[in-house]
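Read the structure below first, then the notes.
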Amino acid sequence: MSGDMTQTTIRTEKINKEFGGVPVLKDIDISIGGQEILGIIGENGAGKSTLMKILSGIYQPTSGKVFIGGTQVRIESPIDARNLGISLVPQEFNLIKDLPVYNNVFLGAELRNRYGLLDKEAMKARTKELLAQLNVDIDPEARIDSLSAAGKQMVEICKALAFESRFLIMDEPTTMLTKYEIEILFSLVRSLKAKGITVVYISHKLKEVKALCDRVVVLRDGAVVHDGPTAGINTMEMAQKMVGRELGSIFPPKSQPEEKVVFEARGVTVPGVVQDISFSLRKGEILGLAGLVGAGRTEVAETVLGLRSKSSGEFLRNGKVVELAEPADAVASGISYLSEDRQGSGIVTGFSVLKNVTLVSLAGYCRGFFRLIEEKRERDKVQGYVDSFRIKTDSLDKRLENLSGGNQQKVSLAKSMDSDPEVLIADEPTRGVDVSAKHEIYLFLADLVKKGISCVFISSELEEIIGMCNRVAVMRDGRIVGLLEGAGITEENIMFYATGVHEEAAS
Amino acid sequence: MSEAKAAKPGRKIDLEKYGSLIALGALFILASVIGWPYFLQLENLVNVMRQSSYTGIIALGMTFVIISGGIDLSVGAVAAFSASCGVLFMNLLVRATQGNEILAIAGGIGVMILVGFAAGAINGLLITMGKIVPFIVTLGTMSIFRYLSLQMANAGEFASHSQQYGTFGMAKLFEVNLGIGKFSLPLPVAVLLVGAMVLSFLLNNTRYGRYLCAVGSNSRVAQYSAVRVGHVRFWAYAINGAVVGISAALLAARFNTVSTPNFGLGFEMDAISAVIIGGTAMVGGRGSIWGTVVGVFMLQIIQNMLNMAGLSPYIQGVVKGVVIIGSVYIQRQRQS
Chain A
1 MSGDMTQTTI RTEKINKEFG GVPVLKDIDI SIGGQEILGI IGENGAGKST
51 LMKILSGIYQ PTSGKVFIGG TQVRIESPID ARNLGISLVP QEFNLIKDLP
101 VYNNVFLGAE LRNRYGLLDK EAMKARTKEL LAQLNVDIDP EARIDSLSAA
151 GKQMVEICKA LAFESRFLIM DEPTTMLTKY EIEILFSLVR SLKAKGITVV
201 YISHKLKEVK ALCDRVVVLR DGAVVHDGPT AGINTMEMAQ KMVGRELGSI
251 FPPKSQPEEK VVFEARGVTV PGVVQDISFS LRKGEILGLA GLVGAGRTEV
301 AETVLGLRSK SSGEFLRNGK VVELAEPADA VASGISYLSE DRQGSGIVTG
351 FSVLKNVTLV SLAGYCRGFF RLIEEKRERD KVQGYVDSFR IKTDSLDKRL
401 ENLSGGNQQK VSLAKSMDSD PEVLIADEPT RGVDVSAKHE IYLFLADLVK
451 KGISCVFISS ELEEIIGMCN RVAVMRDGRI VGLLEGAGIT EENIMFYATG
501 VHEEAAS
Chain B
1001 MSEAKAAKPG RKIDLEKYGS LIALGALFIL ASVIGWPYFL QLENLVNVMR
1051 QSSYTGIIAL GMTFVIISGG IDLSVGAVAA FSASCGVLFM NLLVRATQGN
1101 EILAIAGGIG VMILVGFAAG AINGLLITMG KIVPFIVTLG TMSIFRYLSL
1151 QMANAGEFAS HSQQYGTFGM AKLFEVNLGI GKFSLPLPVA VLLVGAMVLS
1201 FLLNNTRYGR YLCAVGSNSR VAQYSAVRVG HVRFWAYAIN GAVVGISAAL
1251 LAARFNTVST PNFGLGFEMD AISAVIIGGT AMVGGRGSIW GTVVGVFMLQ
1301 IIQNMLNMAG LSPYIQGVVK GVVIIGSVYI QRQRQS
């Protein structure tokens, strides 16, 4: 066992990991190394992130061994991992938003001069060098705050590469990126591979894995169920291996909305945020809101909720003008919002499943002068959601921080539905959830509109916009620049409007 | 002990819930040994409870404020200010009614609670409408209300002109003969226990209580969930202010006078300490009223015990500090 390949190979032997007696990883044997991009796929809770956290020193395995280049190693902290050449680019950015880029890149390993003081110039120079290698145009002195999601991602990668990494693990790197930014990331990953770095690419997006990776490992319920070259497997087969059963068409058939307009925006403007937004939503319709990240889609939703104050324009519910000055007004007029930023504004992670689901609708469970909560009724109702949404939790009193991302999202969805809305604004409802949870959410939305509820569907994934929506409004720079319908809803048309190419073509 | 029995066999006792109660039990046994036999005498125990009740009542309101994610440093100063206003009004009434002391006392206490409430409301408004962080606002009002009181009294005392107010301050309830001695519940202790029941109920069984935790845990999520975050926070400070007024009324009656430089001095620290020892998270979002009551008693028992051991009050202060840090350290370990 010698030679260059084994020198730079991570091999795991019978890795097991339990959390509170529940096995999360079972006898994982994989090897990672050489010039390759390895895709690791699996549903939420399949153990992908746990495995990577073990390799990067954040978790310790319950049993099993890790070898690097044939020698057994113990990775007891992220610093150990770094010294072994393993870096992790986490799903949630680990950046300090008030500090400049170069400080973030060297956070925890600052360069110092001979007096023991920070050597800012050296750090700036090194950061500049790294950014140049990645071919990105970011000022090392820019504050993290001022960067786009893609920019932050690049800084995370920079941070990982600053320490001579041989293994770069990327956990769901494209969740926050637009299609264009994804292209840039892909060429970056390929150039890293060309430099001899092994990239481990964890993703839900099978198309990306198919396009980018050389080899794919599929995890299901904590075990490896497939390990082979990407060339020998198509995305459908990948999906089937992930869920362990045959998948039907992922999108349910579209239903025909009624003529009646239930919600309308007329010329709504929030200075500097959204300009002259007009759209109408019919009963039982799914209206897509497409556009690149930063086009102002979420801001439209926030304006409807009254979280941003508009300078002109009005909202109409069933033809009547409604004043939506705060979220309580929106709830009162039957409008509900499913947040894109699950942990930031969607759910209280320190609250139990029960308390989260009824947070918006709590008034409905209260009676008497003291607004006493009727606990029995509350519990029964929430248990109903847990059953029908198949939320995996052992108790209604379990805190959400102990649930997987997909289950958190289902709780968030249940929370939006419990106020019995007639209009649901679903903002990136499938972000960060796996194929089967996605499928369940699609079915749920389709079922909802069949019942006469209307939905504004905000998404960055064109596939689901196309698969789900009756009509699509495309936004760019805070404006609605195009409205697509029926057969006109195509990837080309959406991108055409979203990127502003149509204006150039016209001029 | 009953909690331990109530837990199903083979299952671990819920440490998070009963941890502070177990610590109180252990401390009680320790104090009994060190202070043998005086600590266990009824008179002493009743005294311990009475001494802890004044800051204890304030700590109840402080629990709400801390759960909301805030802090109130002004409680001691507000206590002094509301007591001063109340005693002045009471004396006015004594003269006006020509000795109808019951009316005067009721009026005086009413003013104290109202002034406390108003002061809390001012804190709440500055924090929610003025968007100034609670630490700064209450640091400011702490200074304002303390020095207003000093100015009014020319740094002296306001003596009450009502004899019966003093009697009210020493009032005892439920006198029973236990054979080993007469037991009776001092009024402030009764107020503490009833107040804890009311606020605990409010926290755990009403919409407001749920919203309070949500706001403290993640105010952005609460806002997006149609919770009127400003209202919820405002009421935490207003309720706390009223609670401070109640405590001030009891404490002023105890001495039948208000000494403006000393009245309520350092109460904020004692109240915050009790809340922290009781297991309420300083970052907000979750907490327990009964935990705070346990925290209050623990602090007082420690002081009483060290007194009996003959330690100087200075060393007592040192021990108190160690206990505060130690208890939070233990709670941290339990969580991870």
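Respectively, the protein sequence lines represent chains A and B.
Following this note's numbering, the residues of the first sequence are numbered contiguously, the last one being 507.
Following this note's numbering, the residues of the second sequence are numbered contiguously, the last one being 1336.
A virtual CB, placed ideally from N, CA and C, is assigned to each residue, including glycine.
- Nearest to glycine 1166 of chain B by alpha-carbon distance, out of B:Val1318, B:Leu1311, B:Met1090, B:Ser1273, is B:Met1090.
- Three or more beta-carbon pairs separated by less than 8 angstroms are not found between the stretch 1252-1263 of chain B and the stretch 354-366 of chain A, which leaves the two stretches without contact.
- Secondary structure at arginine 367 of chain A: strand, using DSSP grouped into helix, strand and coil.
- Taking 8 angstroms as the threshold, the shortest C-beta distance from glycine 1069 of chain B to chain A does not fall below it.
- Contact of threonine 1206 of chain B with chain A is assigned, a C-beta pair being separated by under 8 angstroms.
- For leucine 168 of chain A, the enclosing beta strand (DSSP E) covers residues 167-171.
- Residue environment analysis places tyrosine 1329 of chain B among the exposed positions, since fewer than 16 neighbouring C-beta atoms fall within 10 angstroms of its C-beta.
- Nearest C-alpha to valine 209 of chain A among A:Gly222, A:Leu192, A:Ala231, A:Ile197: A:Ala231.
- Cys1213, Ala1214, Ser1217, Asn1218, Arg1220, Val1221, Ala1222, Gln1223, Tyr1224, Ser1225, Ala1226, Val1227, Arg1228: these are the residues of the stretch 1212-1235 of chain B whose beta carbon lies less than 8 angstroms from some beta carbon of chain A, given in chain order.
- Taking 8 angstroms as the cut-off, the Cβ atoms of valine 382 of chain A and threonine 358 of chain A count as close.
- Not flagged as an interface residue toward chain A: glycine 1278 of chain B, since no C-beta distance is shorter than 8 angstroms.
- Comparing alpha-carbon positions, the option among A:Val456, A:Ile465, A:Ile30 lying closest to valine 200 of chain A turns out to be A:Ile30.
- Annotation for aspartate 80 of chain A: Gly57 place their beta carbon closer than 6 angstroms to its own, counting only its chain and skipping 5 residues before and after.
- The beta-carbon of arginine 1332 of chain B is placed no less than 8 angstroms from the nearest beta-carbon of chain A.
- Counting along the chain, the unbroken beta strand (DSSP E) around arginine 282 of chain A starts and ends at 274-282.
- Residues of the stretch 1299-1330 of chain B with a C-beta less than 9 angstroms from any C-beta of chain A: none at all.
- Not a single C-beta of chain B is nearer than 8 angstroms to the C-beta of lysine 450 of chain A.
- Assignment of serine 460 of chain A by DSSP, reduced to helix, strand and coil, places it in the coil class.
- Taking 8 angstroms as the cut-off, the Cβ atoms of glycine 1107 of chain B and leucine 1093 of chain B count as close.
- Residue state for histidine 204 of chain A is assigned as coil, using DSSP reduced to three classes.
- Membership of threonine 9 of chain A in the beta strand (DSSP E) is indicated by the continuous run 9-19.
- Positions of the beta strand (DSSP E) runs, each at least 3 residues long and wholly inside the stretch 128-177 of chain A, are given as 167-171 in order along the chain.
- A buried status is given to phenylalanine 351 of chain A, since no fewer than 16 other beta-carbon atoms sit within 10 Å of its beta-carbon.
- From the beta-carbon of serine 345 of chain A, the residues of chain B found nearer than 7 angstroms are Arg1220, Val1221, Tyr1224.
- Among the CB atoms of chain A, none fall inside 8 angstroms of the CB of glycine 1287 of chain B.
- Closer than 7 angstroms at the C-beta level to chain A, one finds these residues of the stretch 1184-1210 of chain B: Asn1205, Thr1206, Arg1207, Tyr1208, Arg1210.
- When beta bridges are read from the DSSP output, glutamate 428 of chain A appears opposite no residue.
- In the DSSP assignment, tyrosine 1054 of chain B falls outside any beta strand (DSSP E) and within the unbroken alpha helix (DSSP H) covering 1042-1067.
- For alanine 363 of chain A, a Cβ of chain B is located within less than 8 angstroms of the residue's own Cβ.
- If you look at valine 1243 of chain B, you'll find it in the alpha helix (DSSP H) that goes 1229-1255.
- Proximity of valine 331 of chain A to chain B, defined by a Cβ-Cβ separation below 8 angstroms, is satisfied.
- DSSP places aspartate 221 of chain A in no beta strand (DSSP E); its state is neither H nor E.
- Under the 8 angstroms Cβ criterion, the stretch 466-485 of chain A counts as touching the stretch 290-302 of chain A, having at least three qualifying pairs.
- Scanning A:Glu43, A:Asn470, A:Val22, A:Ile15 for the CA closest to the CA of glutamate 259 of chain A turns up A:Asn470.
- Within the stretch 260-335 of chain A, the runs of alpha helix (DSSP H) that reach at least 4 residues and sit entirely inside it are, in chain order, 297-304, 327-332.
- Contacts between tyrosine 201 of chain A and chain B, judged by CB atoms closer than 9 angstroms, are missing: the closest CB pair is about 31 angstroms apart.
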